[in-house]
Amino acid sequence: MGLRTPLFQTHVDLGARMVDFGGWDMPVNYGSQIEEHHAVRRDAGMFDVSHMCVIDLKGAKVRTFLERLLANDVAKLRIPGKALYSCMLLESGGIIDDLIVYYLSEQWFRLVVNAGTRDKDLAWIRKHAASDGVEVNERRDLAMIAVQGPNARAKAGALLPAPDRARALALDTFFGAELTRLFAGRTGYTGEDGFELMIPAVEAADWWSRLRGAGVACCGLGARDTLRLEAGMNLYGSDMDESTTPLESGLTWTVAFERKERAFFGRAALEAQQAAGVARKLVGLVLEERGVLRSHQNVVVAGIGEGITTSGTYAPTLERSIALARVPRATGTRVQVDIRGKLLPARVVRPPFVRNGKSLLTP
Amino acid sequence: MSNIPSDLKFSKSHEWVRVSPEGIAEIGISDHAQGALGDLVFVEVPESGRRVSVGDACAVVESVKAASDVYAPVSGEVLEGNPALTETPELINQDPYGAGWLMRVRMSNSAELDSLLDGKAYEDLLTSDSH
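Going down the list, the sequences are from chains A and B. For the first sequence, my numbering begins at -6 and goes up steadily by one. For the second sequence, my numbering begins at -9 and goes up steadily by one.
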């Protein structure tokens, strides 16, 4: 038996196909993952993401601490509620995790980190928070439901009491707010608009039921993966890990070098890597023929060398297969991928593959 | 529990066989198999005229999650692969024992059917396998 979220029994009762995901018993689909994917792109779908870890950081020096801890710069967070996507790095420049940080007040920032890395993230954070006297509080009392899609905010908002509804619907993209009974962030991992709702664990089943009643489709991890890959979003553990830096993971844009005096973990290693020339890059691939790209497939780059796919899937909105791959820096627009012993041609593209529910691919 | 029609025979690798009086075997994958694979996106069926022996990998079903070989439950000559599966592979998910048939084979040795499982034995297999 794996770890279970407060919604485990709800998923079982709904007939979900359950799988082990990094030690957690999670729903992979409730029927057809392709239908669940389409529901999010066209209407509204929801995901139980309670296995992810919410960490509240409090104290007078939280901001100072985060300026050291994170590769992105919390100086960008000046308006209460604003959120930032960042990597957290080792001194080697390798990625410990990717996360979202919310600025709630000068004395209170909130992190949301991945489920599979929660123990090592907490150990690292606690170790380095000590010298700034920052209080680290893992919020095991919270469950999290991500409601995503063009109609997600309207459907979820309608379930909130009037003053909360107005505040929630007024949130700009990448802002969050603590409401009367829950926290709502206008964030997500699908490329669609929506909320990530952090609610008391004891209320999770009730919220799931009311959202279903409002016409939000139940969606599992299968759809979550096809949606995020179409949206060009990395998955920690697949597309990057402690052996890769942000510069070779398509995440240079998340590293803030601008303030020269800001010493963050991994800065020196990244600057050295930039000076030497970054040897590899993370690119998007589109398979030209029938077949499915998956992770750990060899990529052949004629005249240059080899790479490897890091994530791959059949993309329901595109009706073809896509992947992310780590390849030599000089790789151009065409490669071949070894799929079960056959070399198939693939086109190199810059992610994302889908925006606003529509394909970005030129035929 | 997945659906298991009583008039079919099954292999341990989750293929089913429906035999016509003329000795034609219609072959597909079971309801359990399609559920485990998830949404199917590509299917490769064998061409007419191909000879298969029992246990040969003769078709491929590819879902979003994984690609899986289909093994011939009987020997014989392939009469046709299901042409509808090129455009609509999800027929296998929707109707695995009907419209989602994979191929029709003229059997060369009907005694091979005795080695297959009947519905009850297949159900027992699934129960003992499940965790």
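Idealized CB from N, CA, C, for every residue including glycine. Keep in mind it's a predicted model, so treat the numbers as computed, not measured.
*asked:* Quick check on the DSSP output: the alpha helix (DSSP H) that includes B:S118 runs from which residue to which?
replied: DSSP places B:S118 in the uninterrupted alpha helix (DSSP H) bounded by 109 to 119.
Q) Can you name the residues of chain B whose CB is closer than 7 Å to the CB of A:Y307? A) The contact set of A:Y307 on chain B, defined by CB atoms closer than 7 Å, consists of V31, V54 in chain order.
### Query
Quick one: which chain A residues come within Cβ less than 7 Å of B:G28?
What B:G28 touches in chain A: N22, Q26, G215.
Which of helix, strand or coil does DSSP assign to B:K(-1)?
-> Reduced to three states, the DSSP call for B:K(-1) is strand.
Who are the neighbours of A:G284 on chain B, taking C-beta pairs under 9 Å?
Chain B residues near A:G284: F32, E52, A57.
- prompt: For A:T183 and chain B, any beta-carbon pair shorter than 8 Å?
  reply: It does not: the Cβ of A:T183 has no partner Cβ on chain B nearer than 8 Å.
| message | If I measure Cβ to Cβ from A:H31 and keep anything under 7 Å in the same chain, skipping five residues before and after, which residues do I get? | response | Here the set comprises P309.
- Since A:G87 sits in a beta bridge, which residues does DSSP pair it with? Paired residue(s): none; A:G87 is not in a bridge.
Exercise. Would you call the stretch 63 to 72 of chain A and the stretch 90 to 99 of chain A in contact, with 3 or more CB pairs under 8 Å?
Worked result: Touching, yes, given that three or more Cβ pairs across the two stretches are closer than 8 Å.
Cα-Cα separation between A:G208 and A:E29, rounded to whole angstroms: C-alpha separation (whole angstroms): 13 Å.
- request: Could you run through the stretch 287 to 321 of chain A and flag, in chain order, every residue whose CB is less than 7 Å away from some CB of chain B?
  value: Within the stretch 287 to 321 of chain A, the qualifying residues are T306, Y307.
Practice task
Reducing DSSP to helix, strand and coil, say where A:Q100 ends up.
Solution key: Looking at A:Q100 - three-state DSSP - the assignment turns out to be coil, as it is neither helix nor strand.
- Task: To the nearest angstrom, report how far apart A:T306 and A:S352 are at their CA atoms.
- Result: So the alpha carbons of these two residues sit roughly 15 Å apart.
Notebook entry, point to check: Hey, would you say the C-beta of A:T110 is under 7 Å away from at least one heavy atom of the ligand NAP?
Noted result: The ligand NAP is not part of this structure, which contains no ligands at all.
Return the bridge partner residues of A:D331 from the DSSP annotation. In the DSSP assignment, A:D331 forms a beta bridge with A:L336.
What did DSSP end up calling A:I297 once you bin it into helix, strand or coil? Per DSSP, reduced to three states, the secondary structure at A:I297 is coil, with no helix or strand assignment.
- Task: Can you give me the Cβ contacts of B:D108 inside the same chain, cut-off strictly under 7 Å, excluding the 5 residues immediately before and after it?
- Result: Correct list, in chain order: K(-1).
Beta-carbon proximity list for B:I14, same chain, < 8 Å, skipping 5 on both sides: Same-chain partners within the cutoff: L69, R94, V95, R96, M97.
Using a Cβ-Cβ cut-off of 8 Å (strictly less than) and excluding sequence neighbours within five positions of A:K54, which residues of its own chain qualify?
Closer than 8 Å at Cβ, skipping near neighbours: D125, G126, V127.
Going by DSSP in three states, A:T324 sits in which element: helix, strand or coil? Note: A:T324 maps to coil in three-state DSSP.
message: Between which two residues does the beta strand (DSSP E) holding B:A122 run?
response: Because residue 122 of chain B is not part of the residues shown, which for chain B are -9 to 121, the question remains open.
Item to check | Per-residue contacts from A:T219 into chain B (C-beta, under 8 Å) | outcome: Simply V54.
Please list the partners that A:R333 has in chain B, where partner means a Cβ-to-Cβ separation under 8 Å. In chain order: A57.
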